[in-house]
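Colleague: Below you will find the structure I want to go over with you.
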């Protein structure tokens with residue numbers, strides 16, 4: 170019965186939105202170029218955190234109130250441990266707005282929480298195809314590769330994230346740890 174309700178919910182949302190192709194690509198928001206330039210240039214941790222928050226805010230803006238509602242509901246459900254409800258919400262977003270990178274990223278996070286690393290990586294790759302600067306997706310990929318005991322792949326993902334966000338919390342420490350693990354000079 171739950172599966173039937175979830176399927177009905179997805180169909181209902183799809184019909185209600187009529188899923189336009191345009192307007193779902195907030196990762197192409199022109200404000201991001203400037204924000205990423207500032208993020209790479211700042212040496213202030215406080216300024217970097219503020220820039221990070223603004224970037225995340227833009228990434229979460231779908232341009233559609235129903236999608237925004239689904240995103241908030243999915244994030245809340247995920248945070249509350251209702252993974253089935255979160256998956257339904259994120260699947261609805263992805264189905265209707267396949268060019269909206271943050272829908273893919275949030276589902277990748279959910280799959281990571283569920284321990285399904287391969288599905289998470291698939292969604293991370295889709296996120297990065299849409300928004301190559303997505304430092305959150307890169308950090309998620311690095312954590313998965315660490316858990317899979319693939320330190321070189323984890324190192325590469327952390328380095329890519331650090332190139333985008335030099336003040337990223339804990340990334341430098343993770344890179345040093347992985348370099349030690351790989352026997353590389355620090």
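Residue numbers (this note's numbering): 170 to 355.
For every residue, glycine included, the Cβ atom is placed at its ideal position computed from N, Cα and C.
Keep in mind it's a predicted model, so treat the numbers as computed, not measured.
1. Of the choices 343, 305, 349, 347, whose alpha-carbon is the least far from that of residue 222?
2. Of all the options 264, 312, 267, 262, which has the alpha carbon lying nearest to the alpha carbon of residue 285?
3. Please state whether the Cβ-Cβ distance between residue 204 and residue 220 is less than 7 Å.
4. Quick one: grab the DSSP three-state call for residue 231.
5. Which residues mark the beginning and the end of the alpha helix (DSSP H) in which residue 260 is found?
6. Residue 270 lies in the alpha helix (DSSP H); which residues open and close that run?
7. Less than 7 Å between the C-beta atoms of residue 308 and residue 289, yes or no?
8. If you run the structure through DSSP and keep just helix, strand and coil, what is residue 220?
9. Using 7 Å as the threshold, is the C-beta distance between residue 207 and residue 299 below it?
10. Out of curiosity, what's the CA-to-CA distance linking residue 260 and residue 296?
11. Going straight from the alpha carbon of residue 233 to that of residue 350, what length do you get?
12. How about residue 316 and residue 330: are their beta carbons less than 7 Å apart?
13. Roughly how many angstroms lie between the CA atoms of residue 199 and residue 269, to the nearest whole one?
14. Which first and last residues belong to the alpha helix (DSSP H) in which residue 329 is found?
15. Whose C-beta lies closer than 7 Å to the C-beta of residue 328 among residues of the same chain, with five residues either side of it excluded?
16. Would a C-beta distance cut-off of 7 Å place residue 326 and residue 347 closer than the cut-off?
17. Is residue 302 helix, strand or coil when you go by DSSP?
Modeller: Answer, in terms of the structure:
1. Position 53 of the chain shown, counting from 1, holds the residue named residue 222. The shortest C-alpha separation from residue 222 is found at 305.
2. Position 116 of the chain shown, counted from the start, is the residue given in the question as residue 285. Considering only alpha carbons, the answer is 312.
3. Counted from its first residue, the chain shown places residue 204 at position 35. Counted from its first residue, the chain shown places residue 220 at position 51. Contact: yes.
4. Against the chain shown, residue 231 aligns to sequence position 62. In the displayed model, residue 231 falls within coil according to three-state DSSP, outside both helix and strand.
5. Mapped onto the chain shown, residue 260 falls at position 91. That run of the alpha helix (DSSP H) goes 252-265.
6. Taking the chain shown and counting its residues from 1, the one referred to as residue 270 is at position 101. Looking at the DSSP string, the run of the alpha helix (DSSP H) that includes residue 270 is 270-283.
7. To locate residue 308, count along the chain shown from 1; it is residue 139. To locate residue 289, count along the chain shown from 1; it is residue 120. Not a contact, by the Cβ cut-off of 7 Å.
8. Counted from its first residue, the chain shown places residue 220 at position 51. Of the three classes helix, strand and coil, the one that applies to residue 220 here is helix, per DSSP.
9. Locating residue 207 in the chain shown gives position 38, counting from the first residue. Locating residue 299 in the chain shown gives position 130, counting from the first residue. At the C-beta level, residue 207 and residue 299 stay beyond 7 Å of one another.
10. If you number the chain shown from 1, residue 260 lands on position 91. If you number the chain shown from 1, residue 296 lands on position 127. Cα to Cα, the separation comes out at about 14 Å.
11. Numbered from its first residue, the chain shown carries residue 233 at position 64. Numbered from its first residue, the chain shown carries residue 350 at position 181. Distance between the alpha carbons of residue 233 and residue 350: 46 Å.
12. The residue given as residue 316 occupies position 147 in the chain shown. The residue given as residue 330 occupies position 161 in the chain shown. Taking 7 Å as the Cβ cut-off, residue 316 and residue 330 do not qualify as a contacting pair.
13. Translated into positions along the chain shown, residue 199 becomes position 30. Translated into positions along the chain shown, residue 269 becomes position 100. Approximately 15 Å, taken between the alpha carbons.
14. Taking the chain shown and counting its residues from 1, the one referred to as residue 329 is at position 160. Element bounds for residue 329: 320-333.
15. For the purposes of this step, residue 328 is taken as residue 159 along the chain shown, with counting starting at 1. Taken in chain order, the residues that qualify are 344.
16. Walking along the chain shown from the start, residue 326 turns up at place 157. Walking along the chain shown from the start, residue 347 turns up at place 178. Not in contact: residue 326 and residue 347 (Cβ atoms no closer than 7 Å).
17. Stepping through the chain shown from its first residue, residue 302 is reached at position 133. In the structure shown, residue 302 sits in coil (DSSP, three-state: anything other than H, G, I, E or B).
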